[in-house]
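The structure under discussion appears below in the form of structure tokens.
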Amino acid sequence: MNSSSHRIPQRLRRSSGGRHPLLAVCVGGACLLATGCFGDGTTGVGTAINVIGGVVDKVDVKDKEKDLLGRSPSAADQMFGAALDTQREVGGRREWRIYDVAGVTNPLDKDRYVVEVTGGKIRSLSRVETTPDIKFDLPRAALLEEKVTGKSPEECRRELEKRPIVSVRSEKTGRLRQLYDGRVIRIFSKPYYCILKFDAQDLCEDVDFQKVGASTREDPYGTK
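All the letters of the sequence shown, read from the start, carry residue numbers 14 to 237 under the working numbering.
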């Protein structure tokens, strides 16, 4: 897969009906100037919505953690149903099981539970938002895709000038993902991941963002 300066990123094709990415880049231009490609800006109404959503996520995770932490993965299966996928750490022992969030607190079907498992025991529970923010994430993804599309994991690392927090492979597809810290200002910021997705040949084909609404750990994919 070859990189092209006119390639339309996948999320922009899905969200803008095939219009040129310049439209989305212009919409988020102020954010890009203020925070850079790895910023996580929020203003006005968006901030209020994030605060309310964060409270809901925090209460939800707090309510469920006592029945999951320290138990076997089957406890998560019993609570949430069958896992949608399992992401296994490359060169490590950790895995993250992904579950659907059912009920009225997820009306847009954009949230997922992420259950971290180490040594056969549940280590953490997180609730994450998987749908990219049209105003902030899509423009950043468009710029990043120009850098990394068609490149190997190591080439992507060099382009981004930072190491990924973790690399995982999907049990369902066998494909690789690299998770990078997507924040510019880490103090007081919740984890926000920039995710590079690779094809069957381990060449980057997509860039996405994932926001952590609440978690029993400070950094669900980190090592601490």
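Quick reminder that beta carbons are idealized off the backbone N, C-alpha and C, glycines included.
Grab me the residues of residue i's own chain with a C-beta within less than 8 Å of its C-beta, minus the 5 sequence neighbours each way, in chain order.
i: residue 57; result: Note that residue 57 scores 46 on pLDDT, short of 50, meaning its location in the model is unreliable and no value can be drawn from it.
i: residue 211; result: 166, 188, 189, 190, 191, 217, 218
i: residue 182; result: 100, 101, 103, 188, 189, 190
i: residue 231; result: 204, 237
i: residue 135; result: 81, 82, 83, 84, 85, 86, 88, 89, 128, 129
Excluding the 5 residues flanking residue i on each side, which residues of the same chain have their C-beta closer than 6 Å to its C-beta?
i: residue 65; result: The pLDDT assigned to residue 65 is 49, lower than 50, so where the model puts this residue is not dependable; a value taken from the coordinates is nonetheless given after this. Hits under 6 Å: none found.
i: residue 107; result: 131
Beta carbon of residue i, beta carbon of residue j: below 9 Å?
i: residue 209; j: residue 179; result: no
i: residue 143; j: residue 124; result: yes
i: residue 213; j: residue 190; result: no
i: residue 73; j: residue 227; result: yes
i: residue 223; j: residue 141; result: yes
How big is the Cα-Cα spacing for residue i and residue j?
i: residue 3; j: residue 81; result: Nothing can be reported for residue 3, as the shown portion of the chain is limited to 14 through 237.
i: residue 175; j: residue 104; result: 19 Å
i: residue 158; j: residue 71; result: 32 Å
i: residue 119; j: residue 94; result: 16 Å
i: residue 195; j: residue 207; result: 5 Å
i: residue 169; j: residue 102; result: 18 Å
i: residue 85; j: residue 92; result: 12 Å
i: residue 79; j: residue 229; result: 10 Å
i: residue 117; j: residue 171; result: 42 Å
i: residue 235; j: residue 193; result: 10 Å
i: residue 112; j: residue 96; result: 5 Å
i: residue 156; j: residue 121; result: 27 Å
Within the same chain, show all residues whose beta-carbon is closer than 7 Å to that of residue i, passing over the 5 residues directly before and after it, in chain order.
i: residue 61; result: In this prediction, residue 61 has a pLDDT of 42, which is less than 50 and means its spatial position is unreliable; nothing more can be read from the coordinates.
i: residue 233; result: 127, 129, 137, 139, 204, 225
i: residue 185; result: 98
i: residue 69; result: 118
Can you give, in chain order, each stretch of the beta strand (DSSP E) that sits fully within the region 104 to 128 and has at least 3 residues?
Runs of the beta strand (DSSP E) lying entirely within the region 104 to 128, each at least 3 residues long, are 108 to 113 in chain order.
Considering only residues of the region 138 to 197, which uninterrupted beta strand (DSSP E) runs meet the minimum length of 3 residues and lie entirely inside it, listed in chain order?
If we require 3 residues or more, the beta strand (DSSP E) runs fully inside the region 138 to 197 come out as 179 to 183, 189 to 194.
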